[in-house]
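Residue numbering for the sequence shown follows this note's numbering, beginning at 725 and increasing consecutively.
Where a beta carbon is used, it is the ideal one built from N, C-alpha and C, also for glycine.
For clarity, every value in this text was computed on a predicted model and none was experimentally measured.
As structure tokens, the structure follows; a few thoughts come after it.
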Amino acid sequence: MRILNVIVVIILLSGCSQNIDEINEQIKLEQEKGNKEVVYTLYQKILDEFEGTDHYATALFQMAFMNSNEFSRLDLAKAQYEEFLKKFPNHELASSARFELKYIGMPVDEIPVIKDSLNAKREMLVQ
């Protein structure tokens with residue numbers, strides 16, 4: 725069913741040019757429905773139509789994040805994070821991209837800063 729959703733979105737999007745607000749609204753709606761593949765396809769549409777813009781940068785970061793954290797496509801996520809940092813080293817998401825790249829594939833509760841925070845909270849609860 726999800727593949728059918730992606731195919732329908734691709735067909736619909738290929739026939740018309742949407743502005744960025746319409747695409748972002750569609751992303752929000754599809755996220756609420758849990759349609760990750762459709763959301764990913766919409767981010768790809770932003771890459772195709774809004775190259776060189778902040779929208780492009782955000783979409784590229786989101787695609788890398790999805791590949792890493794939702795689809796477990798770690799090699800693709802790594803390549804996308806590296807591309808993001810090469811093209812947008814000073815973007816507001818650059819530090820997040822570096823963080824994600826550093827800990828790619830690691831379980832969240834094993835990331836040192838998060839692990840330390842969880843341990844500190846546990847200690848506070850025990851006291």
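Thinking residue i and residue j are a contact (beta carbons under 8 Å), I'd like their distance in whole angstroms, please.
i, j, result
"residue 764", "residue 790", "6 Å"
"residue 792", "residue 824", "6 Å"
"residue 804", "residue 784", "6 Å"
"residue 780", "residue 771", "6 Å"
The alpha helix (DSSP H) with residue i in it runs from where to where?
i, result
"residue 750", "744-757"
"residue 770", "760-773"
Around the Cβ of residue i, are there at least 16 other Cβ atoms within 10 angstroms (buried) or fewer (exposed)?
i, result
"residue 787", "buried"
"residue 753", "exposed"
When the Cα atoms are used, what is the spatial distance from residue i to residue j?
i, j, result
"residue 839", "residue 742", "43 Å"
"residue 750", "residue 841", "36 Å"
"residue 768", "residue 849", "44 Å"
"residue 748", "residue 776", "17 Å"
Check each candidate in the options and name the one with the smallest Cα separation from residue i.
i, options, result
"residue 778", "796, 817, 750", "817"
"residue 802", "746, 829, 815, 847", "829"
"residue 807", "745, 821, 795", "821"
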